[in-house]
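Asker: Structure provided below as structure tokens; questions to follow.
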Amino acid sequence: MLPYDAEALFALYTSYLHQLWLFVLPLLILILSMPVWILRGGAAVGRIVVGVLALVWLWVGLVFHGLYFTDLNFAAPIYAGLFVLQGLLLFWHSGSHGRLVFAYRRDVVGWIGGFLLLYALIGYPLLDYLDGYTSGMRLVGLSAGPTALLTVALLLHTVKPAPLHLFVIPALWAFIAGFSGWVLGLWADLIMPLAVVALVPALSWKHRLHAVTGHKAV
Amino acid sequence: MYNHLVKLFIGGDMSEDSSEKTPGLNRRHFLSLCAAAVVSKAVGIVPAKAADARHTRPIPQSGEQIPVIGMGSYVTFNVGQDARLLTGRTAVLRAFFEAGGGMIDSSPMYGSSEAVLGHCLRQLGHPATLFSATKVWTWLSGAGDGQMKESRGLWELPRFDLMQVHNLLSWEDHLATIRRDRDTGLVRYIGVTTSHGRRHEELAAVMQSEPLDFVQLTYNIVDREVEERLLPLAVDKGIAVIVNRPFQRGDLIERLAPHPLPAWAEDLECRTWAQFLLKFIVSHPAVTCAIPATSRVDHMHENMAVRQGPLPNAAMRRKMIDYVRAL
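Here's what the structure looks like:
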């Protein structure tokens, strides 16, 4: 069902990370600092966070899908297009048009977002490692699945509900990744569709809560 | 009397006088062959013609013989540029050619498989027995030319032995392009493909209406739909048949693995389920070549061993079907 197997996929990731190591470390530092910035809160931080998210979506789309994954998968250009589109949407929201303000929530929505954040940062590469892929583990900001999860996780931690259209492509990717994970036998990807299933009630709760209370994060 | 029989069946001279012997058999050998023929029919096998014979089949349009076991490259050769994996695939291909392999099938749809094949063939010095088969796979009629040219570059070949329209995609336009390529010597044979049992109606229509040298389709001991119509049609039309998905991408072997081979599989010189399944496929008179894919040298040896030894006859094939169905 897929034109490649897991061995070829992780060989590609290994090569991708090795060849671009100069960019890997700064990108990782940037991404790992975002949860810390969110603690500070504020509109300016919000624009920076969304801007960084936009950058990583563009990176994964243009570099990983556009330059590397096309070697293995004829669908890679389509994936590149989706990721670039999401990157552009996020860039638009990082400007003055979007006013996403982040703050940690201590409700159900926050817990779901927190779990997804931890899974994106730690769970994904850990499960790849435990699956035996010790050199091409998929890292947030550099590979598609963890990046999509990180985005969803952070967007759940906004003061006002984030626009629903920002969740569409991450949700779509969750099903693509889930399917690929099922075909290739990769545990790390199997959580992706479940994340979408959890997302629906989380977003619904958040929207209702905001409509009723104009709720701010506690 | 014996001499007459030998000349009828084998063409040698049965005389026991060595000075009169033409290349052929002596009486003892002839009698043992007769006995073997009787026993073979009883147990349901078609013996190989000689002890070291390896099975080939003719391409109906030309009579050119090709080995009945070829190699597919879907997934297995799509390994990108990883040096370790490239070395591994070169070893697989080496084993293929050392066992007398011929047809290798690929497609632009298979990611880096064509590039990897090109790399491996270069490492092996472009073996002379290669029968190169690839496909054109694009919706855009005008893009077929460029894609086929790119494939020649990736394989590092001046021409292909066989060019096929992958899954009948825009077949009308691509067949015209391939015919032009054949006229200019860029292609020797023309074909179309389907897989997974899809688009059989359309395939039958194309086989009826277009002069084809090859068709490629799915056929194995559980996916036997093509026996009803497409395989007889191929025989009628003089079209060679390539069989894909002989193991359903490994699923069939996985399902059968917990079960023992029947004791009579030994009569077919089958030691593994893969050999059992391949012998079933290539014993069908309409099948020219099966193209199992593998990334392992040991599995390649296993597959290529099917080219030797007896093949099941119709009665034995029935027995094989019944055995698998009962599992």
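In order, the protein sequences belong to chains A and B. With the first sequence counted from 1, adding 508 to any position gets you the working numbering. With the second sequence counted from 1, adding 17 to any position gets you the working numbering. All C-beta atoms in this analysis are idealised placements derived from N, C-alpha and C, irrespective of residue type, glycine included. The structure presented is a predicted model; accordingly, all values stated were derived computationally and were not measured.
(1) Taking C-alpha atoms, which residue in A:G693, A:L608, A:V553 lies nearest to A:L640?
(2) What are the boundary residues of the beta strand (DSSP E) that B:D240 is part of?
(3) Examine the Cβ distances between the region 623-637 of chain A and the region 568-585 of chain A and report whether three or more of them are shorter than 8 angstroms.
(4) Are the CB atoms of B:C306 and B:R106 nearer to each other than 8 angstroms?
(5) Against chain B, with Cβ distances strictly below 8 angstroms, would A:L538 count as a contact?
(6) Chain B partners of A:L580, CB-CB under 9 angstroms?
(7) When burial is assigned at 16 or more other CB atoms within 10 Å of the CB, is A:V544 buried or exposed?
(8) Suppose you measure from the CA of A:A685 to the CA of B:G89; what does that come to, to the nearest Å?
(9) Assuming A:L514 is part of the alpha helix (DSSP H), what are its boundary residues?
(10) What does a CB cutoff of less than 6 angstroms around B:V252 pick up in its chain, not counting 5 residues either side in sequence?
(11) Taking beta-carbon pairs under 9 angstroms, can you tell me which members of the region 518-548 of chain A lie near chain B?
(12) Give me the Cβ distance between B:G161 and B:D190, rounded to the nearest whole Å; I'm assuming they're in contact under 8 angstroms.
(13) Could you check the C-alpha separation between B:G80 and B:G255 for me, to the nearest Å?
(14) DSSP state of B:D268, grouped into three classes?
(15) In this structure, does DSSP put B:L234 in helix, strand or coil?
(16) Pull up the distance between the alpha-carbon of A:W600 and that of B:T311, whole angstroms please.
(17) Determine the closest residue to B:V323 out of B:W290, B:S168, B:S149, B:K152, with distance taken between C-alpha atoms.
(18) If I'm right that B:V109 touches B:M317 with Cβ under 8 angstroms, what's the distance once you round it to whole angstroms?
(19) Answer yes or no: does any C-beta atom of chain B fall closer than 8 angstroms to that of A:D513?
(20) I'd like to confirm the pairing. Which residues does DSSP put opposite B:G208 in its beta bridges?
(21) With 8 angstroms as the threshold, decide whether the Cβ of B:V92 is near any Cβ in chain A.
(22) Could you check whether the Cβ of B:L248 sits closer than 8 angstroms to any Cβ belonging to chain A?
(23) Check whether the region 584-594 of chain A touches the region 613-625 of chain A, taking contact to mean three or more Cβ pairs, one atom from each stretch, closer than 8 angstroms.
(24) Taking only the alpha-carbon atoms, compute the straight-line gap between B:Q82 and B:V299 and give it to the nearest angstrom.
(25) Shortest alpha-carbon distance to B:R176 belongs to which of B:D200, B:L186, B:N184?
(26) Apply the 10 Å Cβ neighbour rule to B:H301 and answer buried if 16 or more other Cβ atoms are within range, or exposed otherwise.
(27) Touch check for the region 227-242 of chain B and the region 203-214 of chain B: three-plus C-beta pairs under 8 angstroms?
(28) DSSP three-state call for B:N320: helix, strand or coil?
(29) Got a sec, what are the start and stop residues for the alpha helix (DSSP H) B:A132 sits in?
(30) Would B:V204 and B:V232 qualify as a contact pair, given that the criterion is a beta-carbon distance under 8 angstroms?
(31) Rounded to a whole number of angstroms, what is the C-alpha to C-alpha distance between B:G326 and B:R71?
(32) Pull up the distance between the alpha-carbon of B:K296 and that of B:D99, whole angstroms please.
(33) Please decide whether A:A516 counts as near chain B, where near means a Cβ-Cβ distance under 8 angstroms.
(34) May I ask you to report which of helix, strand or coil DSSP gives B:K38?
(35) Go through its chain and collect everything with a Cβ distance to B:E219's Cβ below 7 angstroms, but skip five positions before and after it.
(36) Can you name the start and end residues of the beta strand (DSSP E) that B:R334 belongs to?
Answerer: Taking the geometry as given:
(1) Before going further, note that residue 640 of chain A is Gly rather than Leu in the sequence given. Nearest option by C-alpha distance: A:G693.
(2) Segment: none, B:D240 is in no beta strand (DSSP E) and carries neither H nor E.
(3) no
(4) no
(5) no
(6) N95, V96, G97, G128, S129
(7) exposed
(8) 27 angstroms
(9) One detail in the question is off: residue 514 of chain A reads as Ala in this sequence, not Leu. From DSSP, the alpha helix (DSSP H) with A:A514 extends over 514-527.
(10) A303
(11) A519, L520, T522, S523
(12) 7 angstroms
(13) 10 angstroms
(14) helix
(15) strand
(16) 48 angstroms
(17) B:W290
(18) 5 angstroms
(19) yes
(20) B:Q181, B:F231
(21) yes
(22) no
(23) no
(24) 14 angstroms
(25) B:D200
(26) buried
(27) yes
(28) helix
(29) 130-140
(30) no
(31) 8 angstroms
(32) 34 angstroms
(33) yes
(34) Residue placement at B:K38 is poorly supported in this model, since its pLDDT is 39, which falls under 50; the coordinates still yield a value, given next. In this structure, B:K38 counts as coil in the three-state DSSP scheme.
(35) L185
(36) Here B:R334 belongs to no beta strand (DSSP E); instead the alpha helix (DSSP H) covers 331-343.
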